[in-house]
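Colleague: Mind looking over this structure? Questions follow.
Numbering (our numbering), first residue to last: 1 to 269.
Given below as structure tokens:
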């Protein structure tokens, strides 16, 4: 296993374990910093959208055009892009709304003590949310890993964007578990473990995809990665950012995220 693969795996581990950061935020602050969270989610969406459409989609197209010709290569790129969207949309459809990790949860919810009848329901919801996040993060792990294999600097930018968006997911697990059980350790452990599906996704990509990686397969997978990240941004990050929004903070985050990603790509040229 060479250093590039180890680096890519380390990035997915970093991104996945950011869910644990979310649970720590929930335990050690008394109120949600809505302005910062709105900006951070918008920033993450801006990075993902810009890098997906400007960099990843283009690299996928170049690879496929080189191996399949202009028309067929571009067709495969478009099919891969929307195939990625369909994959992540299908995964989201499997997750009922009540357990969806992207339903907005605030730190303040911890202070609302449940009634006796709510304990079991809340604990079940927290465990289910952890499982939902684990399922949902699996393709994100593949996306981060494949991006880092192709371009280590690009992989780092994507890993940071994914990590930012995993922080509120950690809160989504920790809040119901903690306020159902009063056990910080149990809430943190479930939150922490739910993020491990990202490096598991990366390992699956390494074992199942890498041995058969041709220019055509790489291009299709990379186009799918772009589709996955655009869908996540439009369906999850931006709506969540708007939930916390104050005076267009989320949109400023999107623009600055795009600008930072654009500047980093210019510097890498």
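Where is the CB? At the ideal position from N, CA and C, for every residue including glycine. Every value quoted in this text rests on a predicted model; they were computed, and no experiment measured them.
Quick test of the definition: if touching needs 3 or more C-beta pairs under 8 Å, does the stretch 64-73 touch the stretch 249-257?
Modeller: Flag = no, the stretch 64-73 and the stretch 249-257 do not touch.
Colleague: Considering only their Cβ atoms, is the gap separating residue 59 from residue 77 smaller than 7 Å?
Modeller: The answer is no: Cβ separation not under 7 Å.
Colleague: Just mark residue 188 as buried or exposed, buried being the case when its beta carbon has 16 or more other beta carbons within 10 Å.
Modeller: With 16 or more other Cβ atoms within 10 Å, it is buried.
Colleague: Going by DSSP, what residue range makes up the alpha helix (DSSP H) through residue 197?
Modeller: First-last of the alpha helix (DSSP H) with residue 197: 197-204.
Colleague: Need the endpoints of the alpha helix (DSSP H) that residue 215 sits in, please.
Modeller: Where residue 215 is concerned, the enclosing alpha helix (DSSP H) stretches over 215-232.
Colleague: Among the candidates 5, 46 and 18, whose CA atom is the shortest distance from the CA of residue 253?
Modeller: Of 5, 46 and 18, the residue nearest in Cα terms is 46.
Colleague: I'd like to confirm something about residue 82: is its beta-carbon nearer than 6 Å to some heavy atom of the ligand GTP, or not?
Modeller: The ligand GTP is not part of this structure, which contains no ligands at all.
Colleague: Excluding the five sequence neighbours on either side, which residues of its own chain have a C-beta within less than 6 Å of the C-beta of residue 191, listed in chain order?
Modeller: Contacts found: 19, 20, 23, 170, 173 and 174.
Colleague: State the Cα-Cα distance for the pair residue 213 and residue 264, rounded to the nearest angstrom.
Modeller: One C-alpha to the other measures close to 28 Å.
Colleague: Output the distance between the C-alpha atoms of residue 234 and residue 228, rounded to the nearest integer angstrom.
Modeller: Whole-angstrom Cα-Cα distance: 10 Å.
Colleague: Is residue 114 helix, strand or coil by DSSP?
Modeller: Per-residue confidence for residue 114 stands at a pLDDT of 49, beneath the threshold of 50, marking its modelled position as unreliable; no derived number is given.
Colleague: Classify residue 236 as buried or exposed, calling it buried when 16 or more other Cβ atoms lie within 10 Å of its own Cβ.
Modeller: Looking at its Cβ environment, which holds 16 or more other Cβ atoms inside 10 Å, residue 236 is buried.
Colleague: What is the residue span of the alpha helix (DSSP H) that residue 64 lies within?
Modeller: Residues 57-68.
Colleague: Using the three-state DSSP reduction, which class does residue 24 fall into: helix, strand or coil?
Modeller: DSSP places residue 24 in helix when its eight states are reduced to three.
Colleague: In terms of alpha-carbon separation, which member of 266, 222, 197 and 250 lies closest to residue 74?
Modeller: Closest by alpha carbon: 222.
Colleague: Just tell me which of 181, 138 and 243 has its CA closest to the CA of residue 193.
Modeller: Out of 181, 138 and 243, 138 has the C-alpha closest to the C-alpha of residue 193.
Colleague: With distances taken between CB atoms, is the gap from residue 16 to residue 182 smaller than 7 Å?
Modeller: No, these two residues do not count as a Cβ contact at 7 Å.
Colleague: How should residue 145 be labelled, buried or exposed, when 16 other C-beta atoms within 10 angstroms of its C-beta is the threshold for buried?
Modeller: That one is buried.
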